[in-house]
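Quick note: the sequence shown uses the numbering used here, first residue 433, plus one each step. By construction, the Cβ of each residue, glycine as well, lies at the ideal position given by its N, Cα and C atoms.
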Amino acid sequence: MLNLAIVINAAIIEDNRILLVGKKYDPEIEHLILPGGKKEAGESDLECLTREVGEELSGAKIKINPANYKSFSGATPSGKKALVKVYFAELINGREIKNSNEISSVLWAEYNLAIHRRNLSDITRAILNALHEDKYLS
């Protein structure tokens, strides 16, 4: 793989809703993405996901299924090419969460409402479609 950023995302699904976070890559446009981020040197996928979710969601704790759900490649909202590895996770300190300074919003969304949003990133749209096709979201 040529110069792909490795990004680790959490698919956190409760009551047929998936957790999305809003991130501003441009001052005018907020993109909805799954929580997660880039790996740091020497970090495992699960360590990365634990760190990133804690940073983005003000200390939220998660339990991660260690089996990778699927991987997706494409352009991130910032235009960089990335390989996104998705893991299922669940919140262990409650559904009430707050966004940190790096996240502009937090949204629990049903598939049929989320998939039609214009500010959904292309990779996130592909992930949501796969989760829907595989019957994790209806």
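Nearest to residue i (by Cα), restricted to the options the options
{"i": "LEU478", "options": "LYS455, ALA442 and GLU487", "result": "ALA442"}
{"i": "TYR568", "options": "TYR519, ALA473, LEU523 and LYS455", "result": "TYR519"}
{"i": "ASN533", "options": "LEU452, SER570, LEU489 and ASN525", "result": "LEU489"}
{"i": "ILE450", "options": "GLY469, ALA541 and ASP566", "result": "ALA541"}
{"i": "VAL439", "options": "ILE461, LEU539, ASP566 and THR556", "result": "THR556"}
{"i": "SER537", "options": "LYS495, ILE445, GLU462 and ASN448", "result": "GLU462"}
{"i": "SER510", "options": "ASN448, SER570, ASN551 and GLU475", "result": "ASN551"}
Per-residue burial, residue i [other beta carbons within 10 Å of its own, 16 or more giving buried]
{"i": "GLY491", "result": "exposed"}
{"i": "HIS548", "result": "exposed"}
{"i": "GLU484", "result": "buried"}
{"i": "LEU563", "result": "buried"}
Cα-Cα separation, residue i to residue j
{"i": "SER505", "j": "ASN561", "result": "14 Å"}
{"i": "LEU523", "j": "TYR543", "result": "19 Å"}
{"i": "ASN531", "j": "ASP554", "result": "22 Å"}
{"i": "ALA558", "j": "TYR457", "result": "19 Å"}
{"i": "LYS470", "j": "THR482", "result": "12 Å"}
{"i": "VAL516", "j": "ASN435", "result": "13 Å"}
{"i": "ILE445", "j": "ASP566", "result": "13 Å"}
Presumed contact (8 Å Cβ cut-off) between residue i and residue j, rounded CB distance
{"i": "LEU466", "j": "GLY454", "result": "Not a contact, Cβ separation roughly 11 Å."}
{"i": "ALA521", "j": "LYS513", "result": "Not confirmed; about 25 Å, so no contact."}
Quiz prompt | Segments of 4+ residues assigned as alpha helix (DSSP H) that fall wholly inside the region 492-558 | solution = Within the region 492-558, the complete alpha helix (DSSP H) runs of at least 4 residues are 543-546.
Quiz item: Unbroken beta strand (DSSP E) runs of length 3 or more, entirely within the region 450-493: which are they?
Solution: Whole beta strand (DSSP E) segments, 3+ residues: 461-465 and 468-470.
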